[in-house]
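These notes concern the structure reproduced below.
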Amino acid sequence: VLIVLTVSGEVPEEPVVSKKSGLLYEKRLIERHIADYGKCPVTGDPLTMDDIVPVKTGKIEKPKSLTAASIPGMLGMFQNEWDALMLSNFALEQQLHTARQELSHALYQHDAACRVIARLKKERDEARSLLAQAERQAPLPASAATANVSALSNGKRVSEDGDMGPGSKQMRPGVSESIIAELTECNATLSQQRKKHQIPPTLAPVDALERYTQLSSHPLHKTNKPGISSIDINLSKAGHSYLWMLHVMDLIFSSKIKEMGNRSVSN
Numbered sequence: 001v002l003i004v005l006t007v008s009g010e011v012p013e014e015p016v017v018s019k020k021s022g023l024l025y026e027k028r029l030i031e032r033h034i035a036d037y038g039k040c041p042v043t044g045d046p047l048t049m050d051d052i053v054p055v056k057t058g059k060i061e062k063p064k065s066l067t068a069a070s071i072p073g074m075l076g077m078f079q080n081e082w083d084a085l086m087l088s089n090f091a092l093e094q095q096l097h098t099a100r101q102e103l104s105h106a107l108y109q110h111d112a113a114c115r116v117i118a119r120l121k122k123e124r125d126e127a128r129s130l131l132a133q134a135e136r137q138a139p140l141p142a143s144a145a146t147a148n149v150s151a152l153s154n155g156k157r158v159s160e161d162g163d164m165g166p167g168s169k170q171m172r173p174g175v176s177e178s179i180i181a182e183l184t185e186c187n188a189t190l191s192q193q194r195k196k197h198q199i200p201p202t203l204a205p206v207d208a209l210e211r212y213t214q215l216s217s218h219p220l221h222k223t224n225k226p227g228i229s230s231i232d233i234n235l236s237k238a239g240h241s242y243l244w245m246l247h248v249m250d251l252i253f254s255s256k257i258k259e260m261g262n263r264s265v266s267n
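For the sequence shown, UniProt numbering gives the first residue as 1, with consecutive numbering after it.
Right, dumping it as structure tokens:
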């Protein structure tokens, strides 16, 4: 009796049968399928090795293939194998040709990208050198220089006044007619008051100013040399005037002013 497997369609070497479905399997194949999936490959029902029963049969000799039993059959089998080999070789050559074309295209793209990157770096370095040269020749304020450097580092320059069209013009507010009239009227009033202003009798004469001598000198504050940033006069003490000077580092000191003939200088 010739027994054929349900799954592979070949004569089994170690046939086993399922208790649930009654189907015949090869032992090594069904063991592997149960270990991977845990169910019957035909019905899909859950299946374990406890449901498998071995079949006791005599030693079965595998039948010889009819194509290999004669010389024409063998020649036909060899021809089929040769055709399959040639088709596989042709498919491999096509895949190799496609891979070569894709690789060449990728290499060309990579080379072009490298050239563009090199050109952009060169233009960036030239722009930076020109900017440094311009800054050395005409130094800009701190705010303007910071804005220029940040704009160049971002790769684009942002307009401070916003987006404006090519034909648009910036509107700048001017002085209206009413403001000009007020300024003219105020000027006339102040001019009349200045003409009526009398010289005070307490003003020191020229001969008294010529006798003034310098007691001390305190220069104004500078970036490289600290000095005075603000001054004020203290008249709280009777008979003397004290000039208070405020240093930039919040150091306060006073200097006594001598009075020349009980006369004070007024502005």
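The beta-carbon is built from N, C-alpha and C at its ideal position, and this holds for glycine as well.
| Residue burial classification, L47 (beta-carbon count within 10 angstroms, cutoff 16) | buried
| query | Whose CA, out of I231, K20 and R211, lies closest to the CA of D45? | reply | Selected option, being the one with the closest Cα: K20.
| task | Assuming I30 and V16 form a contact by the criterion Cβ under 8 Å, report the distance between their Cβ atoms to the nearest whole angstrom. | result | 6 Å
| Distance between beta carbons of V42 and L24, contact taken as under 8 Å | Not really, about 10 Å apart at Cβ, beyond 8 Å.
| task | Can you check DSSP and say which residues form a bridge with V53? | result | V17
| query | C40 and S70 look like a contact to me (Cβ under 8 Å); what is the Cβ gap, rounded to whole Å? | reply | That belief does not hold up - the Cβ atoms of C40 and S70 are roughly 40 Å apart, past 8 Å.
| query | Which stretch, first to last residue, makes up the alpha helix (DSSP H) that contains L24? | reply | Where L24 is concerned, there is no enclosing alpha helix (DSSP H), although the beta strand (DSSP E) it sits in stretches over L24 to E26.
| message | Runs of 4 residues minimum, wholly inside the stretch 99-137: which ones carry the alpha helix (DSSP H) assignment? | response | none
| said: On the DSSP letters alone, give me the boundaries of the alpha helix (DSSP H) that N187 sits inside. | reply: E177 to K196
| message | Run through the DSSP bridge pairs and tell me what L220 is partnered with. | response | I228
| task | Specify the secondary structure class of P72 as computed by DSSP and reduced to three states. | result | When DSSP states are grouped into helix, strand and coil, P72 belongs to the helix group.
| field | Sequence-distant residues of the same chain with beta carbon closer than 8 Å to E14, five excluded per side | value | E26, K27, R28 and P54
| message | Between the alpha carbons of R115 and Q101, how many angstroms are there, rounded? | response | If you draw a straight line from the Cα of R115 to the Cα of Q101, it is about 21 Å long.
| request: Could you please give me the residues that DSSP links to P46 through a beta bridge? | output: K39
| Can the beta-carbon of I231 be found closer than 8 Å to that of H221? | no
| field | Length of the line joining the Cα atoms of G155 and E135 | value | Residue placement at G155 is poorly supported in this model, since its pLDDT is 48, which falls under 50; the coordinates are not used for a value here.
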